[in-house]
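Chains as they are written, first to last, in the numbering used here: chain H, -3 to 151; chain B, -3 to 151; chain C, -3 to 151.
These notes concern the structure reproduced below.
Dropping the structure here:
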């Protein structure tokens, strides 16, 4: 893999995390292709081959709907996100690339109290679309499950 | 942006964090230009457009004074820092670059007890000065505010 | 340092962390040279120049034995790891490179409860061996000591 490819994938993941942190969810949605799959699954369910998802959107429209619903519910204002992600792993696959990275997601209240919300790993399939890198699939495998009943926003 | 530019900014941020973690605060100060602005502000104050800073040094001399005061107060020995920072975002701006990254800062006591001290985002303006990259501005926007009354050292 | 070198070291550290997270410990062992040194030491002991190690393996065989013992004890299943590491620092040294990075290691139970297990810094010496980058030395300096009596797996 070339240096340019590695850095382009790093920048894509950086943008993904930053748009979530800055509550720019509509722009975040634009990082996906129309027929995308966005899924949050627990590592334990993956290990046991259970098909349960904590969140599942199987198109960009569905992802947009979800974001709209969140905007209307005004849940955003309850907390702010801070994603710290590690270096990416990139492997060519299926006319695109499988890209993964570890992440830690912290949530803070407006009063400035921070808690660790979730750690885990992104497993993305990235393709080139109209000259830009886009997510064809983003599967978030979370190690942290206990607090996911509170899940409202994407990870 | 070229690969070299991206990596140079990554290395600058890495050095910034490492010098703080290794308590090499005088060398850390050397990463700033003379007329620099170093500021810690809470995300909530930024959102409300409040001009309050948790720390504000508007020159390298003032930053040096602050470090000297900390050295004399011997507050350093109370804890050690560990910064884990994410990938940088780089955008050309004003004869330099705006560079940001998410961070998580952990503090540990000499007895080895670790707590999350602060998460947030660096918003830097970086310029080239005498052939080296330097901070003209570093604005640390912290999500975590509740513990900042204890703030003593830079983030 | 060239962009390619920086990225190659980033990829080595990424692989190191990912193999641990995915419980692929035998492959993780393969990242070391035969006469390697793997050591976990506390930052406080380093500061006081105390020779105590929390874990010490002074060859790849010893590292393999340790992994085998862990496999037999079946301690792995108690938790899963998630390493989030920061950008690497690379400096040429002794026919190889000194490479360091900060890390945060989270552990989660099968029930999905996550805790911060350890933060600290990797101090590696990396060499080229048969065309691949390998660890000749990995010294993990941990800031977090209070929970290390529970230490079972590598960091």
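Every residue, glycine too, gets a C-beta built ideally from N, C-alpha and C.
Note that the coordinates shown come from a computational prediction; the quantities given were computed from them, not determined experimentally.
Interface with chain H (8 Å Cβ-Cβ cutoff): residue 2 of chain B is included. Cα atoms of residue 136 of chain H and residue 97 of chain H: separation of roughly 10 Å, rounded to the nearest angstrom. At a C-beta separation below 7 Å, residue 140 of chain H has these neighbours in chain C: 104, 108 and 110.
In the three-state reduction of the DSSP assignment, residue 42 of chain H falls in the helix class, which pools H, G and I. Assignment of beta-bridge partners to residue 101 of chain B by DSSP yields B:79 and B:114.
The three-state reading of DSSP puts residue 10 of chain B in helix, counting H, G and I together. The beta-carbon separation of residue 121 of chain C and residue 89 of chain C, rounded to 7 Å, stays under the 8 Å limit for a contact. Taking 8 Å as the Cβ-Cβ cut-off, the segment 15 to 43 of chain B approaches chain H at 38, 39 and 40, given in chain order. When rounded, the separation of the alpha-carbon atoms in residue 37 of chain C and residue 140 of chain C is 10 Å. Annotated three-state conformation of residue 36 of chain B is strand, per DSSP.
Against chain H, a Cβ distance below 9 Å from residue 85 of chain C picks out nothing, because the smallest value is about 13 Å. Residue 59 of chain C sits close to residue 34 of chain C, with the two beta carbons spaced by under 8 Å.
For residue 133 of chain H, the beta-bridge partners assigned by DSSP are H:33 and H:121. Scanning B:29, B:44 and B:15 for the CA closest to the CA of residue 107 of chain H turns up B:44. Using a Cβ-Cβ cut-off of 8 Å, residue 149 of chain H does not count as an interface residue toward chain B, since no Cβ of chain B sits closer than that to its own. Residue contact check for residue 120 of chain H against chain C: no CB pair falls below 8 Å. For residue 116 of chain B, the C-beta contacts it makes with chain H under 7 Å involve 78, in order along the chain.
Residue pairing by DSSP places residue 52 of chain B opposite B:35 in a beta bridge. For residue 124 of chain B, not one C-beta of chain C is nearer than 8 Å to its own C-beta. Beta-bridge pairing by DSSP links residue 92 of chain B to B:89.
Just so you know, the alpha carbons of residue 91 of chain C and residue 131 of chain C end up roughly 13 Å apart.
Counting C-beta atoms within 10 angstroms of its own C-beta, residue 124 of chain H has fewer than 16 neighbours from the protein chains shown and is therefore classed as exposed. Contacts with chain H at 8 Å (Cβ-Cβ) do not include residue 68 of chain C.
For residue 9 of chain H, the neighbours in chain B by C-beta distance under 8 Å run, in chain order, 83. Interface annotation, residue 100 of chain B: in contact with chain C, CB-CB separation under 8 Å. Restricting attention to B:47, B:53 and B:19, the CA atom closest to the CA of residue 29 of chain B is found in B:53. The secondary-structure analysis by DSSP pairs residue 28 of chain H across a beta bridge with H:131. With contacts defined as CB atoms closer than 8 Å, residue 82 of chain B and residue 151 of chain H fail to qualify as a contacting pair.
Against chain C, the beta carbon of residue 13 of chain H has no neighbour under 8 Å; the closest one sits roughly 12 Å away. Minimum Cα-Cα distance from residue 94 of chain C among the listed residues C:116, C:19 and C:84 corresponds to C:84. DSSP links residue 138 of chain H through a beta bridge to H:38 and H:116.
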